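Shown next, in structure tokens, is the structure this report addresses.
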Amino acid sequence: MTKRPTLRPDEPLDEAMLAVARDILTRARDAIADSELSSDKAVHEFRKSIKRWRAFLRLIEPHFGDGADNLRRSAREVAKKLGGARDLRSTLDAVEDIRESAYELNDRALRTMHDRVKEMHLAAERHSISPADRAEIAHQISAWLATISLWPFSGLQFPELAKSLTEGYRRARKTMPKDWQQAEEEQLHEFRKRTIDHRYQMELIEPLWPRMAKIWVDEAQRLRDALGQHRDLALLQNMAGPHQPLARFRSKLTPPIQRRQLEHLAQAAKIASRIFAEKPRAFHARIETLWLAGSDVD
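Per numbering that gives the first Met the number 0, residue 0 is the first one in the sequence shown, and the count goes up by one each step.
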């Protein structure tokens with residue numbers, strides 16, 4: 000596909016914002032409607048676009064109020080229905096994550112676990128979404144496209160967006176664990192969600208300082224990945240709980256899971272300390288200054 004639209008000081012803000020919204024939804028619709036993509040791949044690409052869409056809606060929610068909030072909630076419900084097979088895909092990734100360091104488990108045990116989860120994943124994929132379901136979702140996205148085409152983006156000014164960008168930064172910074180070693184899984188999951196919002200929102204203003212902004216977005220993605228790998232391992236641990244498919248491996252599976260989770264947490268903590276070192280007020284001042292300067296140079 001073509002390069003994603005972004006925001007530039009030398010271009011009309013309303014046109015750029017509408018172009019961003021249309022681009023996100025068009026990509027989501029194209030992914031879910033593409034009959035040549037497997038269900039697993041289509042859902043994966045669709046869910047990525049929907050996360051970007053929800054981050055965009057959070058950004059403009061102060062301006063559009065209930066309209067943006069309602070669309071964001073609708074998008075969340077659609078994505079939630081497609082999460083089952085995705086969780087099993089993540090569990091498979093977790094099995095691979097521990098493979099090199101799981102000296103408590105032999106190759107046969109690891110292969111057995113992988114094959115069992117793979118079987119469940121394939122079964123879930125077969126029943127997760129039908130061609131009719133995909134067509135219905137694509138139709139729903141077309142309706143969202145029609146809706147946002149009528150929205151008055153012309154009334155939106157960059158100071159309002161800068162304030163909203165700062166709020167996204169503040170929200171993520173506030174949910175960052177103070178004690179990483181004692182952080183509960185749900186707290187880490189909430190921090191990851193807010194990091195995803197921040198990552199996609201920062202992507203929109205890359206032209207203000209291309210080199211620095213790209214590094215920032217890349218680091219936010221690395222933080223997201225580390226937190227995601229930690230959560231994948233938690234899903235694997237749950238599958239080894241009492242009466243679960245991998246219960247018989249629990250005693251030998253738990254130690255390597257815990258070791259890898261600690262490694263992912265250490266990496267996440269290091270990256271987060273860099274991304275969120277700045278106080279929100281300083282972050283806000285930086286964004287507004289860059290916009291006013293109209294910078295588009297490396």
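All residues carry an ideal CB built from backbone N, CA and C; glycine is no exception.
Computed from a predicted model, the values in this text were never measured in an experiment.
When the Cα atoms are used, V94 and R51 turn out to be separated by approximately 28 Å.
C-alpha of A212 to C-alpha of L24: approximately 24 Å in a straight line.
Residue range 157-174 is occupied by the alpha helix (DSSP H) that includes F157. Within the region 44-100, the runs of alpha helix (DSSP H) at least 4 residues long that lie entirely inside it are, in chain order, 65-80, 82-97.
The closest CA to that of A276, considering only P158, H62, G154, R169, is found on R169. Rounded to whole angstroms, I195 and R223 show a C-alpha spacing of 7 Å. If you ignore the 5 residues before and after L289, its C-beta comes within less than 7 Å of the C-beta of L207, W208, all in its own chain and listed in chain order. Cβ neighbours of L155 within its own chain (closer than 8 Å, five residues either side excluded): L12, D13, M16, I59, H62. In the structure shown, Y199 adopts helical secondary structure according to DSSP, grouped into three states. Setting aside the 5 residues that flank it on each side, I31 is surrounded in the same chain by A41, F45, R133, I136, A137, each with a C-beta closer than 7 Å to its C-beta; the list follows chain order.
A distance of 8 Å or more separates the beta carbons of L235 and T111. Between T5 and E166, the C-beta gap is not smaller than 8 Å, which leaves the two residues out of contact. About 6 Å separates the CB atoms of R221 and I270; that is less than 8 Å, so the two are in contact. Ranked by Cα distance from L232, the options I49, S129, S272, R249 are led by R249. With contacts defined by Cβ atoms closer than 8 Å, I128 and I256 do not form a contacting pair. Taking a 10 Å sphere around the C-beta of Y199, we find 16 or more other C-beta atoms and assign the residue as buried. Per DSSP, R28 is one residue of the alpha helix (DSSP H) stretching across 12-32. Measuring C-alpha to C-alpha distances from L149 to each of K177, A78, A67, L109 identifies A67 as the nearest. Per DSSP, the continuous alpha helix (DSSP H) segment holding R221 begins and ends at 209-238.
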